[in-house]
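Scroll down for the structure; my scribbles are underneath it.
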Amino acid sequence: MVLTKTFYDANTGVKTQSNLSSEELNEITAWENKSAERKLEQIKEIRLQKLQETDFWILRGDITDEQKLYRKNLRDIPANYDSSKYDNLLNRDSDGKLTHTVWDKL
Amino acid sequence: MAFATIGTAGIQAQSIDLSTKVTGTLPVPNGGLGIASGTTDQFLKFTGTETLASAADNAGSLVQTVHYAWNSGDTTATIQNCFNSTYRNYFIVFTRFQLGSNDEEFQFKPVNSSGNSESANTYTAQSRNYTGSGTGTAEWNGSNDNNITIMKNQSSGAGKFISGHMYFFDPMNTTDGIKGYTWMARARKEGGYTGLVYGGGGNATTTAYTGIKITTSNGTITNGLFTVYGIVNGS
Chain A
207 MVLTKTFYDA NTGVKTQSNL SSEELNEITA WENKSAERKL EQIKEIRLQK LQETDFWILR
267 GDITDEQKLY RKNLRDIPAN YDSSKYDNLL NRDSDGKLTH TVWDKL
Chain B
8 MAFATIGTAG IQAQSIDLST KVTGTLPVPN GGLGIASGTT DQFLKFTGTE TLASAADNAG
68 SLVQTVHYAW NSGDTTATIQ NCFNSTYRNY FIVFTRFQLG SNDEEFQFKP VNSSGNSESA
128 NTYTAQSRNY TGSGTGTAEW NGSNDNNITI MKNQSSGAGK FISGHMYFFD PMNTTDGIKG
188 YTWMARARKE GGYTGLVYGG GGNATTTAYT GIKITTSNGT ITNGLFTVYG IVNGS
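So the sequences go chain by chain: A and B.
Numbering of the first sequence is given in our numbering, commencing with residue 207 and proceeding in unit increments.
Numbering of the second sequence is given in our numbering, commencing with residue 8 and proceeding in unit increments.
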């Protein structure tokens, strides 16, 4: 697909369309190559939120083995899931709820 | 004060032919305008208690400098000369922006008179999302970046629009540290939930900025309306 850009001069009202330069195309390629990195960043943000939501289990002093396992599985996400699984981890249903079981609280 | 002259021969049978028998201008206190002519498309304005003059319309405190409708399918658009030396600060409204593919960033790049952006933007942004089952937050920032990321991880598809506003302060100032911006934007995100972003930053450069390049990190932009208003300088 040919990617295009438009230049619009507010003084003259003249609009000119052309193809992206090779430099601009290289910028896009570089950004796309970091897709997995960005997804992992999102996953880590969600993981932090989930861990913070369950910190009270520890503070309360009666955390169960199942609850310990849930938190361990969250912490181990980067080790247990490679980049091919990132889309599954970030998938949400039509209500916006994350669908992967690793996020499910006990 | 000039007075209208009425020829005596012009007064007949208790009537005056004003089109031919009255010369000069009738003063305001006498029911006239006190002027011989005005300027096309201007209004009459009292310049004294008894004097009128032709005057431009009061444009208000926000004056549109550009309105741009997105050329569907473009990746970027450079809106040049939306900033000028008349106004110090600007109010920008962007609405109906819709991206062409998933996981894109919606970005602005201030540009100089040659249309080039600089790696001079330092900013911070925070987003708050309602996810359907709770709330989530995300933060991002840029240090000496050549773009300002207005919205991250935006999805494409029906209803997934971005809209918001930005204040751009002193874009044409050439003293380092004075140029700056704040923005707030909302979008419908993946899964139909709502995202809100607020952010701000500045440009560490002495170059005057005269325009803004609207762009996406990759892919295309389908729709969008972009309007810039100059804010009349305080006095």
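Backbone N, C-alpha and C define an ideal beta-carbon position, used for all residues, glycine too.
Could you spell out the range, first to last residue, of the alpha helix (DSSP H) harbouring residue i?
i: B:Q87; result: Run containing B:Q87: none in the alpha helix (DSSP H); it sits in the beta strand (DSSP E), D81 to Q87.
i: A:T235; result: S228 to E238
i: B:S26; result: L25 to K28
i: A:I283; result: I283 to N286
i: A:L295; result: Y292 to L296
Could you work out which residue in the options is closest to residue i when comparing CA atoms only?
i: B:W190; options: B:F101, B:T182 and B:K220; result: B:F101
i: B:V3; options: A:T270, A:G219, A:S289 and A:D282; result: This structure cannot settle anything about residue 3 of chain B, because the visible part of chain B is limited to 8 through 242.
i: A:E233; options: B:R135, B:V118, B:T222 and B:I185; result: B:T222
i: A:Y287; options: A:I249, A:W263, A:D310 and A:W237; result: A:I249
i: B:Y75; options: B:A84, B:S68 and B:S134; result: B:A84
i: A:D192; options: B:S121, B:G237 and B:N160; result: One cannot answer for residue 192 of chain A here, as it falls past the ends of chain A, which runs 207 to 312.
i: B:T214; options: B:N123, B:K220 and B:T227; result: B:N123
i: A:L231; options: B:G143, B:S224, B:A43 and B:S134; result: B:S224
What does residue i touch in chain A if you count any residue whose Cβ is under 9 Å from its own?
i: B:A224; result: In the sequence on display, residue 224 of chain B carries Ser and not Ala. Here the neighbours are E233, I234, W237 and E238.
List the endpoints of the continuous beta strand (DSSP E) containing residue i.
i: A:W263; result: Per DSSP, A:W263 belongs to no beta strand (DSSP E); it is in the alpha helix (DSSP H), D261 to R266.
i: B:R135; result: N128 to Y137
i: B:I169; result: F168 to F176
i: B:H74; result: L69 to A76
i: B:N96; result: N96 to L106
i: B:F233; result: I228 to I238
Quick check on residue i: buried or exposed, where buried means 16 or more other Cβ atoms within 10 Å of its Cβ?
i: B:D183; result: exposed
i: B:S92; result: exposed
i: A:R253; result: buried
i: B:M179; result: buried
i: B:P117; result: buried
i: B:S134; result: buried
Could you work out which residues of chain B lie near residue i, taking near to mean beta carbons separated by less than 7 Å?
i: A:D288; result: Those do not exist, as A:D288 stays about 18 Å from chain B at its closest Cβ, beyond 7 Å.
i: A:R298; result: E197 and G198
i: A:T210; result: G80, D81 and T82
Identify the contact partners of residue i in chain A, using a Cβ-Cβ distance below 8 Å as the criterion.
i: B:I86; result: Y214 and A216
i: B:N160; result: R244 and Q248
Contact check, residue i vs residue j under 8 Å by CB: the rounded distance?
i: B:I99; j: B:F175; result: 6 Å
i: B:N148; j: B:A127; result: About 14 Å; that fails the 8 Å criterion.
i: B:G206; j: B:Y97; result: Going by Cβ atoms, the distance from B:G206 to B:Y97 rounds to 17 Å, so no, they are not a contact pair.
At 7 Å on the CB atoms, spell out the chain A contacts of residue i, in chain order.
i: B:V73; result: A216
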